[in-house]
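Okay, structure first, notes after.
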Amino acid sequence: MKGFLNRLVRAPRLYMFFMKISPFSGRYLFLVVCILGLIWYAVYTKYIIGRLEEDATSVTRTYAELIRAAISEQMSYEQINVVFERIIRDSDIPIVVTDTAGVPTMWKNIVVGPFYSRREIAPDDTSAEARRLIRRQMKRFRRSYEPKELTLSETNASIGYLIYGDSLLIRSLSWIPYLEIALVAAFGVFVYLALHNIRITERSNLWVGLAKETAHQLGTPISSLMGWVEYMRSVDDPEGEIDPQAFMGQLQRICDDMENDLNRLRTITNRFSQIGSAPALTPHDVNAIIEDAMKYFRKRLPLLGKHIQIRADLHPIHPAAVNRDLLEWVFENLFKNSVDAIKNEDGLIEVRTEYIEVDKMVRVYHSDNGKGISWEDQKKVFSPGYTTKKRGWGLGLTLAKRIIEDYHRGRIYVSWSQKGRGTVFCIDLPASTAAGAGKSGAGGPEAARSLTAESAAAAS
């Protein structure tokens, strides 16, 4: 059964449908299904109650006809009262007998007042207030049932009318569908407001984290540039320890480093400027973007004090319509999280790409042997503000999810994770449908690259 369900979900059309369902759209889909189910239940209940009302109405008419026939056979008031006591004793159908002028003479089961303070008018209550309430009930009964004329069986002379209505049970049943519809509407509004408040909270956390992430991203290159500025100012200082001749020999390297910092600033500003807008998507080789992210971490790994090996198994794949800067940002966040999660000495990060022909998409597997993610936390890793780091802001994976799913119409999710063993993230990107787009990627011995770096501080 498990294999069958897995093949069913992995079917080409169904798989792409499930891959496109984001958590929020999934929640709204669940809400819609619940509301539709409640609406169906209300409609079905209305149908059942309608059938019950039809049966009850038929029984009421038949019962009233029997009473009319019984009363028509009687002549005296005492005999009519016997009919009321014997026939209507076990019935809750409200009945009023009037004379030919429409004046009520006898009644039974006449209930008046709102539902929270109903009271029954006693058959022997002949007060003016009781008669006024009975006349008002008679008008309501006439809107549902035609009064039945009471005649003598021998002479066929009219002696009055039998006016009747629905029992209290039937009147109560008629309100159930409307009550259910009101409950469905209230449930829908409540769930919508709850989801709306969750989204507002997540947006607030996202903006706060985005501001902190911006300051963090800009801080490193700016600090480097400020250091170079102070270094160059000290060249003309007579009491300085820097030899102007030695400085001129380092000028090219200094300019290259400053250019790298400026390029980094330009990349950062370009990335953040595209958050919230529709970025331009062009066909790119995802393998090349991964390689650039690896080169960036090749320079950073020696400064992190860890012995980490990065392996890349990049198979030939089709180009994907992506925004290069934003997608490279996603890979950098994944690399950074993996580096932070690895606590053992023999750290390993692996990146593998493949092309899924049946689904026309590029798949990237990013795995590490870090501390792993518990099953409970796997549902929250993409939520704004969620982090396990002491100085983290919980924004990296949130931005990664927004970039992959909102901007690129792809999918990023935790494919596998176990505490103490590691984590595997999976990214699915739709392959480019541009004319002439063919497979790209390195082949042969260069298809798999490995990088081993040790911190200079650790070596010393």
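Residue 430 in numbering that gives the first Met the number 0 sits at position 431 of the sequence shown, with consecutive numbering throughout. Virtual Cβ for every residue (Gly too), placed ideally from N, Cα, C.
What distance in whole Å lies between the Cβ atoms of residue j and residue i, which are believed to be in contact at a cut-off of 8 Å?
i      : j      : result
Val102 : Leu167 : Wrong, their Cβ atoms sit about 25 Å apart, outside the cutoff.
Ile288 : Glu327 : 5 Å
Pro176 : Ile48  : 6 Å
Ile426 : Ile411 : 5 Å
Ala319 : Ser431 : 6 Å
Pro383 : Asn269 : About 22 Å; that fails the 8 Å criterion.
Gln216 : Ile267 : 5 Å
Ile372 : Ser416 : 4 Å
Gly220 : Asp260 : First, the residue type needs correcting, since residue 220 is Pro and not Gly in the sequence shown. The Cβ separation is near 4 Å, so the contact holds.
Ile307 : Ile341 : 6 Å
Tyr406 : Leu325 : 6 Å
Ile120 : Ala129 : 5 Å
Leu51  : Leu172 : 6 Å
Lys305 : Gly346 : 6 Å
Identify, in the order they occur along the chain, each residue of the same chain with its Cβ nearer than 7 Å to the Cβ of residue i, setting aside the five sequence neighbours on each side.
i      : result
Glu148 : Ser157 and Tyr160
Gly435 : Its pLDDT being 46, under 50, Gly435 is placed unreliably by the model, and the measurement read from it follows with that caveat. Around Gly435: no qualifying Cβ.
His283 : Pro318, Ala319, Val321 and Arg323
Phe424 : Leu333, His365, Ile411, Val413 and Ser414
Lys45  : Pro176
Gln377 : Val413 and Ser416
Under the three-state reduction of DSSP, which class applies to residue i: helix, strand or coil?
i      : result
Glu353 : strand
Thr99  : coil
Ile309 : strand
Pro282 : strand
Tyr412 : strand
Thr150 : strand
Glu375 : coil
Glu179 : helix
Lys294 : helix
Ala210 : helix
Ile20  : For Ile20, the predicted structure reports a pLDDT of 49, less than 50, and the residue's modelled location is therefore unreliable. The matter cannot be settled from this model.
Tyr46  : helix
Pro122 : coil
Ala129 : helix
Tyr406 : helix
Pro429 : strand
Ile158 : strand
Tyr191 : helix
Thr422 : strand
Val228 : helix
Lys388 : coil
Ile109 : coil
Arg362 : strand
Leu51  : helix
Tyr144 : coil
Ile341 : coil
Gly218 : helix
Gly346 : strand
Asp91  : coil
Asp235 : helix
Ile316 : strand
Val380 : coil
Asp165 : coil
Would you say residue i and residue j are within 8 Å of each other, going by their C-beta atoms?
i      : j      : result
Val285 : Leu398 : no
Val413 : Val363 : no
Ala292 : Glu331 : yes
Pro93  : Gly164 : yes
Glu201 : Leu394 : no
Phe246 : Val228 : no
Ala277 : Glu179 : no
Ile162 : Thr99  : no
Arg252 : Asp312 : no
Gly419 : Lys388 : no
Trp174 : Ile133 : no
Apart from the five residues on each side of it in sequence, which residues of its chain come closer than 8 Å, Cβ to Cβ, to residue i?
i      : result
Asn343 : Asn368
Gln136 : Pro93, Val95, Ile109, Val111 and Gly164
Asp256 : Ser223 and Trp227
Asp91  : Asn108, Ser166, Leu167 and Leu168
Indicate whether at least one CB of chain C lies closer than 8 Å to the CB of residue i.
i      : result
Arg130 : This model lacks chain C altogether, as it is built from one protein chain only.
Residues in the same chain with beta-carbon distance under 6 Å from residue i, minus the five sequence neighbours each way, listed in chain order, please.
i      : result
Ser272 : none
Lys359 : Ala430
Phe296 : Phe334
* **Meets three-Cβ-pair contact criterion under 8 Å: the stretch 172-184 and the stretch 220-230** => no
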